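Below is one structure, written out as structure tokens; the observations come after it.
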């Protein structure tokens, strides 16, 4: 098995009627998933898909979405998951950047594209029965029934091997536009097979799909599960906003393996009753994407005492590259837990500014060499190969016992509830409002803040919220926007970010920077 | 103060830095980037405490949380005696 599209077939043959994906309103067996994937693959091939072509996946997380993803790979293409909560303008930028010619899309999202005038792809495949909006030629909208009516047998196997592009995940870009991270079948499997082995994932497992498909955590949910014949249980977007809905889903679906950002677990404790109810079916909790505060981690481990907790670490560019299986709850006085040691066959190097290895206890930049490293960036239609070893931008030290400890970023990248945000991209969006003269963006207490000097008195906070909402995904819209008359400056006249930040985060209400 | 004024004031103070210009009772809270999953939670906590109501996961949906008008309607329906 060396390509992602080969993972499902054997299970469809061995145990065709077992549930592969349980969605909100639809369950697909392994046979149904396998056949629907073939139908999608054949539709893409009829649409003229060439090896390596990108197929957009733009619909709420569902079994159909997974079948479409699998179909894109079986046709010899690559998939590009698009965020259903992103404004159409940003989705349009991505569609253009990677030259999407075919997209599987929900009728509601296609209506958004049409209303916003987003164009580019030639073939749109609806993910459910609906009357199709008319699009200007040469665009073609294909009814869901057309896909469903197709031949369910496998199309000719793709000629490409494991080093072909499998997917592109777009993350926030520091230059103001989203940036695509390219992974091959091989680099994806290096992580997903390791993660399945690590917890001995089996057909008896029911694995939650919590992370959006465009978020790298989803590769475990999908590919590790399907590889081992486990059932993927969708915890859909509507549930992820409510701790109680997530707790109910885990309990009612008998979920055994959970992988999410720590924020989602904290949410289940804060308003989901996790600590009162417990989650007796969970045997594994993987978490990643942000620091799990020790205080909350101890609560979670006490509330789910039978589960083994693992801290997984790595930027989208390297999947997961280090891991730490907690031997037990960390002591209350601990300030942080390790990110562990190199995983998935990777090698972790800690280097100083001059590229020399640092000594134990000293902080250096984490460089990763090994099979999980991405192919490279897809940016502006050009492929830039990954640097080797790959510089993660993460500052890390090695303890005497070999465990790695995380100390933050060496650049400006922020994490908001596990989503990575380049302040430069948010600043570019804020600055593009004609009423803004200057603006900066930073994170404070898990929230994005923007401090803005308006060009005139008309600009309101509401104007800026609306402007950002039309350009940025929801998690990148500043939660707090402060309008100020001017920024404090450094001696060279540059915005003094440190003083600005200190002034606005300690001031209350609308009082600006004085 | 009516529930509507109360909810509007809470939103303006917490998420618009006190700047209520351009914000109305029919402003779409989701499309305009005011409510996301975490601000929704804070709003749920505020409504539950302020009006002594219990919101179920099914109450927290796009229809009830679209505008200040919708929020007021939901709060009123929840505070009618015998309807909690």
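Residue numbers (my numbering), protein chains in the order written: chain A, 1 to 514; chain B, 1001 to 1084.
Virtual Cβ for every residue (Gly too), placed ideally from N, Cα, C.
No experiment lies behind these values; they were computed from the predicted model shown.
Quiz item: If we cut at 8 Å on Cβ distances, does residue 1039 of chain B have a partner in chain A?
Solution: yes
Quiz item: Does any residue of chain A bring its CB to less than 8 Å from the CB of residue 1019 of chain B?
Solution: yes
Quiz item: Using 8 Å as the Cβ pair cut-off and three pairs as the minimum, do the region 367-375 of chain A and the region 342-349 of chain A touch?
Solution: yes
Quiz prompt | chain A residues whose Cβ lies nearer than 9 Å to that of residue 1046 of chain B | solution = Here the premise fails: no neighbours, minimum Cβ distance about 12 Å.
Quiz item: Can you name the residues that DSSP bridges to residue 292 of chain A?
Solution: Residue 292 of chain A pairs with nothing; no bridge assigned.
Quiz prompt | Pairwise C-alpha distance: residue 1067 of chain B and residue 1028 of chain B | solution = Computed Cα separation, rounded: 5 Å.
Quiz prompt | Proximity below 8 Å, CB of residue 489 of chain A to CB of residue 495 of chain A | solution = Result yes, Cβ atoms of residue 489 of chain A and residue 495 of chain A sit closer than 8 Å.
Quiz item: Among the residues of its own chain, which have a CB less than 7 Å from the CB of residue 172 of chain A, if the five just before and after it don't count?
Solution: 178, 420, 421, 422, 425, 476
Self-check item: Cut-off 8 Å between Cβ atoms - residues of its own chain near residue 395 of chain A, not counting five sequence neighbours on either side
Solution: 363, 364, 365, 366, 406, 407, 408, 409, 410
Quiz item: Would residue 38 of chain A pass as a contact of residue 155 of chain A if the rule is Cβ separation under 8 Å?
Solution: Contact: yes.
Quiz item: Does the beta-carbon of residue 502 of chain A have 16 or more other beta-carbons within 10 angstroms, so that it is buried, or is it exposed?
Solution: exposed
Quiz item: Based on Cα-Cα distance, which residue from A:403, A:292, A:298, A:233 lies nearest to residue 446 of chain A?
Solution: A:292
Quiz prompt | Collapsed DSSP secondary structure at residue 366 of chain A in the structure displayed | solution = strand
Practice problem: Count the C-beta pairs between the region 137-153 of chain A and the region 91-100 of chain A that are closer than 8 Å, then say yes if the count reaches three, no if not. | Solution: no
Quiz item: Taking the continuous beta strand (DSSP E) assigned at residue 18 of chain A, which residues delimit it?
Solution: Taken as a continuous stretch (DSSP letters only), residue 18 of chain A belongs to no beta strand (DSSP E), as it is neither H nor E.
Quiz item: Three-state secondary structure (DSSP) at residue 1062 of chain B?
Solution: DSSP places residue 1062 of chain B in coil when its eight states are reduced to three.
Quiz item: What residues from the region 1056-1072 of chain B come within 9 Å of chain A, judged by C-beta to C-beta, listed N to C?
Solution: Result list: 1056, 1057, 1058, 1060, 1061, 1062.
Quiz item: Residues of chain A with a CB under 8 Å from the CB of residue 1053 of chain B: which are they?
Solution: Chain A residues near residue 1053 of chain B: none, gap ~14 Å exceeds 8 Å.
Quiz item: What separation, rounded to the nearest whole angstrom, lies between the Cα atoms of residue 1012 of chain B and residue 460 of chain A?
Solution: 12 Å
Quiz item: Taking the alpha carbon of residue 284 of chain A as the point to measure from, which residue in A:72, A:400, A:327, A:124 has its own alpha carbon closest?
Solution: A:327
Self-check item: Cβ contact check for the region 198-214 of chain A and the region 1030-1038 of chain B: 3 or more pairs under 8 Å
Solution: no
Quiz prompt | CB contact check: residue 1025 of chain B to chain A, cutoff 8 Å | solution = Nearest CB-CB separation between residue 1025 of chain B and chain A: not below the 8 Å threshold.
Self-check item: residue 272 of chain A burial status per 10 Å Cβ neighbour count (16 or more: buried)
Solution: buried
Quiz prompt | Residues that residue 519 of chain A contacts on chain B, provided the C-beta gap is smaller than 9 Å | solution = Since the first and last residues shown for chain A are 1 and 514, residue 519 of chain A lies out of range.
Quiz prompt | Host beta strand (DSSP E) of residue 231 of chain A (start-end) | solution = 231-234
Quiz item: Which one of A:129, A:99, A:435 has the shortest CA to CA distance from residue 457 of chain A?
Solution: A:435
Practice problem: Answer with yes or no whether the minimum CB distance from residue 1084 of chain B to chain A is below 8 Å. | Solution: Because the pLDDT at residue 1084 of chain B is just 45, under 50, the model does not fix this residue reliably, and the point stays unresolved.
Exercise. Consult DSSP for residue 225 of chain A and reduce its assignment to one of helix, strand or coil.
Key: helix
Exercise. Over the uninterrupted beta strand (DSSP E) stretch that includes residue 323 of chain A, give me the two end residues.
Key: 322-325 is the span of the beta strand (DSSP E), which, as asked, contains residue 323 of chain A.
Self-check item: Coil, strand or helix - residue 311 of chain A by DSSP
Solution: strand
Practice problem: Would you be able to state if there are at least three C-beta pairs under 8 Å between the region 71-80 of chain A and the region 146-165 of chain A? | Solution: yes
Quiz item: Along chain B, in chain order, which residues have C-beta atoms closer than 7 Å to that of residue 479 of chain A?
Solution: 1015, 1039
Self-check item: Exposed unless 16 or more other CB atoms sit within 10 angstroms - verdict on residue 127 of chain A
Solution: buried
Exercise. Note the first and the last residue of the continuous alpha helix (DSSP H) segment covering residue 78 of chain A.
Key: That residue, residue 78 of chain A, is in no alpha helix (DSSP H); its beta strand (DSSP E) goes 78-81.
Exercise. Look up residue 179 of chain A in the DSSP assignment and say whether it is helix, strand or coil.
Key: The three-state secondary structure of residue 179 of chain A, taken from DSSP, is strand.
Quiz item: For residue 187 of chain A, which of helix, strand or coil comes out of DSSP?
Solution: helix
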